[in-house]
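Structure record follows, encoded as C-alpha cells.
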Amino acid sequence: ETGVTQTPRHLVMGMTNKKSLKCEQHLGHNAMYWYKQSAKKPLELMFVYNFKEQTENNSVPSRFSPECPNSSHLFLHLHTLQPEDSALYLCASSPESVDTQYFGPGTRLTVL
Amino acid sequence: AQTVTQSQPEMSVQEAETVTLSCTYDTSESDYYLFWYKQPPSRQMILVIRQEAYKQQNATENRFSVNFQKAAKSFSLKISDSQLGDAAMYFCAFLSGGSNYKLTFGKGTLLTVNP
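What follows is the structure, given as C-alpha cells:
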C-alpha cells in the first residue's frame, strides 16, 4: 500500500464512547499531522509530530489525545466527544517539518 | 500570524476553457512556501502545485500553472483546458520556512466544470 492511509473512513460514536483513529504513512516521512475540517471553516491544524515527538498542540481540548509510536503511525484517541466535534479528520505527513504535506483520505466522524 | 484569503467562494468554467483562481496572503516573512491543493467529492486532499518564495519562476504542472507575485502577495492558479475531473474545492495554503510547522489554508474555492 502506498501514500497515507486512514482507518476507519467513517465513524459514528456516542458522546460517552471511546474510539481511536489510525493513520499510517508509507512514504518514509518524518513528520505527521492531524487536521480537523469542519463545514464552512478552513482546515485547522491540531497536532504535529516530528520524529515521533509532539512539536505542536494547537490548543486542542484534552478529549482528543494523540499518540505517535513511530514515524509511520499516528493515532488520535477520542473520548467523551461533543456533537460539535463532528467533522472530517485528516492526517498528513511530510519528509521534514518544513516541506510539502501529503494527506490521507480522512475519517468522517459523527458524534451523536 | 499568516492569513490566506480566497475571495472567490465559487467559480465555474466550461470544459476545455481556462479558469484562474485567486489567492492572496499576508506575512512578514521572506522565506515561505505556497501550495494549491484540490479536494474532490471523495474528500482526499491532493497536492496540485507548489511554489517556493525564493524562486522567481512560476511553477507549472501540466495544465496547472501559478502566477506568483511576491510583492503583491498574490498566488493565483490557472487551469488550462479544464476537464470534468478538475471539479473540486481548491485550497490555497501557506507554509512558513522557519520552525513553524503550520500549514495555513484559505477557505477554498469550489470549482464547477460544465460540459
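As given, the protein sequences belong to chains A and B, one line each in that order.
Letter 10 of the first sequence, counting from 1, is numbered 10 in my numbering, and no numbers are missing.
Letter 108 of the second sequence, counting from 1, is numbered 220 in my numbering, and no numbers are missing.
Think of the CB as a built atom: it goes at the ideal place given N, C-alpha and C, for glycine as much as any other residue.
In the structure shown, what three-state DSSP assignment does residue i receive?
i	result
ASP198 (chain B)	helix
PRO227 (chain B)	coil
PRO66 (chain A)	strand
GLU164 (chain B)	strand
GLU127 (chain B)	coil
GLU44 (chain A)	strand
GLU56 (chain A)	strand
GLU141 (chain B)	coil
Excluding sequence positions up to five away, which residues of its chain have a Cβ less than 7 Å from the Cβ of residue i?
i	result
ASN70 (chain A)	LYS52
THR7 (chain A)	LYS22
HIS79 (chain A)	LYS18 and ARG63
GLY106 (chain A)	GLN6, LEU88, TYR89 and LEU90
SER65 (chain A)	HIS77
MET46 (chain A)	TRP34, TYR35, LYS36, ASN58, VAL60 and PHE64
PRO95 (chain A)	HIS29 and ASN30
For the ligand SAM, any of its heavy atoms closer than 6 Å to the Cβ of residue i?
i	result
CYS91 (chain A)	You won't find the ligand SAM in this model; it holds no ligand whatsoever.
What residue does the beta strand (DSSP E) around residue i start on, and which one ends it?
i	result
CYS91 (chain A)	87-94
PHE147 (chain B)	144-151
TYR213 (chain B)	Careful: TYR213 (chain B) lies outside any beta strand (DSSP E) and carries neither H nor E.
ASP138 (chain B)	136-138
HIS26 (chain A)	Segment: none, HIS26 (chain A) is in no beta strand (DSSP E) and carries neither H nor E.
PHE51 (chain A)	Element bounds for PHE51 (chain A): n/a, residue is neither H nor E.
VAL98 (chain A)	No beta strand (DSSP E) holds VAL98 (chain A); DSSP gives it neither H nor E.
SER188 (chain B)	186-191
Pull up the CB-CB distance for residue i and residue j, whole angstroms please, since I reckon it's below 8 Å.
i	j	result
THR115 (chain B)	ASP143 (chain B)	Not quite, the Cβ-Cβ distance comes to about 18 Å (not below 8 Å), so this is no contact.
GLN113 (chain A)	LEU215 (chain B)	As displayed, chain A neither begins before 1 nor continues past 112, which places residue 113 (chain A) out of reach and without an answer.
LYS230 (chain B)	GLN118 (chain B)	With chain B covering only 113 through 227, there is no way to say anything about residue 230 (chain B).
SER113 (chain A)	VAL111 (chain A)	The structure shown does not extend to residue 113 (chain A), since chain A is modelled only from 1 to 112, so the question has no answer here.
PHE203 (chain B)	PHE187 (chain B)	Wrong, their Cβ atoms sit about 12 Å apart, outside the cutoff.
Less than 6 Å between C-beta atoms, sequence neighbours within five positions excluded: which residues of the same chain meet that for residue i?
i	result
GLU122 (chain B)	LEU222
ARG108 (chain A)	HIS10 and LEU88
ASN50 (chain A)	ALA31 and SER97
GLN126 (chain B)	ASN226
MET201 (chain B)	GLN151, GLY220 and LEU222
Looking at chain D, is there any beta carbon in it that lies within less than 7 Å of the beta carbon of residue i?
i	result
VAL4 (chain A)	Among the protein chains in the structure shown, which are A and B, there is no chain D.
Within the same chain, show all residues whose beta-carbon is closer than 8 Å to that of residue i, passing over the 5 residues directly before and after it, in chain order.
i	result
ASN170 (chain B)	GLN163, SER177, VAL178, ASN179 and PHE180
THR16 (chain A)	THR80
Margin query: Output needed in chain order: residues of the segment 191-207 of chain B with a Cβ under 9 Å from some Cβ in chain A.
Written below: PHE203, ALA205 and LEU207
Margin query: Residues of the segment 30-58 of chain A in Cβ contact with chain B at a cutoff of 9 Å, in chain order, please.
Written below: ALA31, TYR33, TYR35, GLN37, LYS40, LYS41, PRO42, LEU43, GLU44, LEU45, VAL48, ASN50, THR55, GLU56 and ASN58
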